[in-house]
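*Asks:*
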Amino acid sequence: MGSDHEVNDAPANSRRRFLGKSAALGLAGAGVLAGCKENGAGAPGSASASAAAAGKSHGASKAHVEPGQLDDYYLFSSGGHSGEARIMGVPSGRTLRRIPVFNIDPMVGWGITNESKAIIGTKADGSLKYTTGDTHHVHGSYKNGTYDGRFLWVNDKIHSRLARIRMDTMECDKITELPNVMGFHGTFPDKCDPVDKSINHTTRVFCGAEFAIPFPNDGRDLDDPSKWGSLFTCVDAETMDVRWQVRVDGNMDLVATSYDGRFACSNQYNTENAPDQAGMMAAERDACVFFDVARIEALVKAGKFTTIGSSKVPVVDGRKAANPDPKTSVTCYVPVGKNPHGVNASPDGKYMVCSGKLSPTATVIEVALVAKWFDGELKTERDAVVAEPEIGLGPLHTAFDGKGNAFTTLFLDSQIVKWNVAAAIAQFKGDKSVKVVLDRVDVHYQPGHGYASMGETREADGKYFNSGNKFSKDRFLPVGPLHSETEQLIDITGDKMVIISDHTAYPEPHDAIIMRRDIVKTRQIYNMDDFPNKVTADNAGITRNGNKVHVRLMSQAPAFSMPVIKVKKGDEVTITLTNHDKVEDLTHGCAIPTYNINFIVNPQETKSVTFKADHAGAFWMYCTHFCHALHLEMRSRFLVEA
Ligand code: K7E
Ligand code: CUA
Ligand code: CA
């Protein structure tokens, strides 16, 4: 049972060549996945499962963080179609915080307060433009090739929006909707400027779009998908304005950036530009497209661009037909395995690794050779490929330990495979004696993203790898047909990977990053002066302007500043609430029954809500956040006269 999974079995893979079209179609089918439970590797009772169990007893102490002790790392995770981002502790797996971004969260009042609505975006009537999101990728801002602790960015695949989270408060402060794209999936910040090397921090964020659409998408060309296309987008890291876009052949999926700032790249699984699944799997190879950032920006500067529909964003043509000469080309399409998934930069800055997905390989592309192609010194794009080891079935994402080893998630094999990049390169050159695959470990089950501690920085430290598994099946107490996902933390310090803990995740995280705790510097409380609408003793009270009523309120444990607030039915009421408590962690809530108002104010923070007083009656405005022995008594009468 699953015997070929249990040992370091590079040869065992060699009999499994590229997946045929029918097998690949089955990849998405229930049959293949259901099969994993009955006869897949790592099912309870299998040798590999007991190996994992053995690892658990060995590793339990490594994942255990004593009461009162702190974790060594933060894990910043996407939340999938929950629309949020999340913070966990590593190695404990403790959930530390959920950050609402594209979703609505009554706990903090995200999507309810005026301030959060303005960030999410509203329609003319003041209601939210979107209430759903689908986050996949979280990445941090860089300085000198490592995290600087300023910002996180996270994508929304449904409505093609990029959000920024400021790391001092861990709150979303800006959201930008990308024009003329659909299925914005991969995102990555740059690590330094491609031209001005004195700018060695993040100034741009790149965004790949998966789905092709008509240009503009206004009802034209519905029956002619050959006219549809995808754009690669650059967003300014500071202003969050869209700087430029590039039209490509095929689509984009994940995004990575080079350490020297010259390139962004994206794996493409639909170089066929097909509108249907069979067509997307027609070609034996797809590509990883590299973007020469400086050349794109030179064209924009020279006015060599078009625009689409009502968007003013410059669109540069990155299609092959428009770029016949490598020396002036803005794009380079490097052929890689069939329908690849993630692309990841090695911490030494030398390589990009594209995971095969429908091919049992990972493709290693040397960044310096891509640069040579752009200089006209390489015969073909494929010559930038320096290794393509066979590593197992369904490779999706690759992480690095900073010691030359790569760790790739194998979705179909339900494994993490550890392989050596230098050995893979030697093997590709013809050396048959090298051992490329160094270890395999079964995970439970079907891993998607995997990421290592500091693994996407020059400070990759090779301590932990987290496997984000898409199926938990039997790993946890059953809670109904909807299962939790399994996050498995793996100790990667030794030759052998050791699973040291399982923790649960509410569906469904995709990518995450693991950041050393010393990089993260959060505020303890807010600064009251940062809020222009703050309420103090000088302006507190009720003011009326026609039927517009402004209630300026303060909270200080255990009371709101006004015991009675009286308005008239039909009034448009704005409540602005400033929390005057200065004690760390002393949060108050504000809920008004019937009126659907629910939000919190942290120490020294100000928030506001606006609503129509359309129900006459007495409504107890009460504090929701347990703050004081008199928390239950912390309430005011909100009276609406008929
Ligand atoms: Cu592989 Cu959206 Cu990064 Cu999911 S994606 S796992
Ligand atoms: Cu204030 Cu509870
Ligand atoms: Ca394809």
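Quick note, the sequence shown lines up with residues 89 to 730 if you use the numbering used here.
Beta carbons: idealized from backbone N, C-alpha and C, even for Gly.
#1: Give me the DSSP bridge partner(s) of PRO448.
#2: Using the Cα positions of ASN202 and THR662, report the straight-line distance between them to the nearest angstrom.
#3: Give a yes or no on whether the C-beta atoms belonging to VAL269 and ILE301 are separated by under 9 Å.
#4: Which ranges would you report for the beta strand (DSSP E) in the stretch 249 to 310 if only whole runs of at least 3 residues count?
#5: Is the stretch 215 to 230 in contact with the stretch 279 to 296, if contact means three or more CB pairs nearer than 8 Å?
#6: Does the separation of the CB atoms of PHE190 and HIS247 fall below 9 Å?
#7: Once you ignore the five residues that flank VAL178 on each side, which residues in its own chain have a CB closer than 8 Å to its CB?
#8: Is the closest heavy atom of ligand 2 to the C-beta of PRO646 under 8 Å?
#9: Could you compute how far the alpha carbon of SER170 sits from the alpha carbon of THR223?
#10: Using only Cβ atoms and a threshold of 5 Å, which residues come within that distance of a heavy atom of ligand 1? Order them by chain position.
#11: Locate the alpha helix (DSSP H) running through ILE207, then write down its first and last residues.
#12: Hey, THR449 and PRO477 are a contact pair by Cβ (cut 8 Å); roughly how many whole angstroms apart?
#13: Exposed or buried, which one is ARG605 when buried takes at least 16 other CB atoms within 10 Å?
#14: Under the three-state reduction of DSSP, which class applies to MET650: helix, strand or coil?
#15: Take the Cβ of SER314 as the centre, count every other Cβ of all protein chains shown within 10 Å, and call the residue buried at 16 or more, exposed below.
#16: Please find out if some non-hydrogen atom of ligand 3 comes closer than 8 Å to the beta-carbon of MET369.
#17: CA-CA distance, VAL524 and GLY480?
#18: Quick check: is any heavy atom of ligand 3 less than 8 Å from the C-beta of ASP374?
#19: On the three-state DSSP scale, how would you describe ILE396?
#20: Flag this pair as yes or no: are the beta carbons of GLY233 and GLY437 separated by less than 9 Å?
#21: Assuming ILE187 is part of the beta strand (DSSP E), what are its boundary residues?
#22: If I'm right that MET340 touches GLY296 with Cβ under 8 Å, what's the distance once you round it to whole angstroms?
#23: By how many angstroms is the C-alpha of TYR539 removed from the C-alpha of ARG563?
#24: If you count every other CB in all the chains shown that lies within 10 Å of the CB of GLY237, and 16 or more means buried, which is it?
#25: Contact check, SER696 vs HIS668 under 8 Å by CB: the rounded distance?
#26: Taking contact to mean at least 3 C-beta pairs separated by less than 8 Å, is the stretch 654 to 661 in contact with the stretch 581 to 588?
#27: In the DSSP output, which residue or residues are listed as bridge partners for ASP590?
#28: Distance check for GLN333 and LYS400, CA to CA, integer angstroms please.
#29: Do PHE499 and LYS558 count as a contact pair if the criterion is CB distance below 9 Å?
#30: Regarding PHE714 and ligand 2, is the C-beta to nearest heavy atom distance less than 8 Å?
#31: What is the DSSP secondary structure of TRP708, reduced to helix, strand or coil?
#32: By how many angstroms is the C-alpha of GLU469 removed from the C-alpha of LEU484?
#33: Return the chain-ordered list of same chain residues with a C-beta closer than 8 Å to the C-beta of ASP583, the five sequence neighbours on each side being excluded.
#34: Which residue's Cα is closest to the Cα of ASP374: TYR357, GLU385, GLN365?
#35: Is GLN534 near SER502, with beta carbons less than 9 Å apart?
#36: Let's see if you can read the secondary structure: which residues bound the beta strand (DSSP E) around LEU814?
*Replies:* Working from what's here:
#1: Answer is none; PRO448 lacks a bridge partner.
#2: 9 Å
#3: yes
#4: 249 to 254, 259 to 265, 270 to 277, 292 to 299
#5: yes
#6: yes
#7: ASP159, ASP160, TYR161, TYR162, LEU163, SER541, TYR552, ASN554, LEU577, ILE602
#8: yes
#9: 8 Å
#10: HIS224, GLY536, HIS537, HIS598, ASP599
#11: 202 to 208
#12: 6 Å
#13: exposed
#14: coil
#15: exposed
#16: yes
#17: 12 Å
#18: yes
#19: coil
#20: yes
#21: 183 to 188
#22: 3 Å
#23: 21 Å
#24: buried
#25: Contact doesn't hold; Cβ gap of about 16 Å is too wide.
#26: no
#27: GLN576
#28: 11 Å
#29: yes
#30: yes
#31: strand
#32: 23 Å
#33: LEU526, ASP527
#34: TYR357
#35: yes
#36: Beyond the ends of the chain as shown, which are 89 and 730, falls residue 814; an answer cannot be given.
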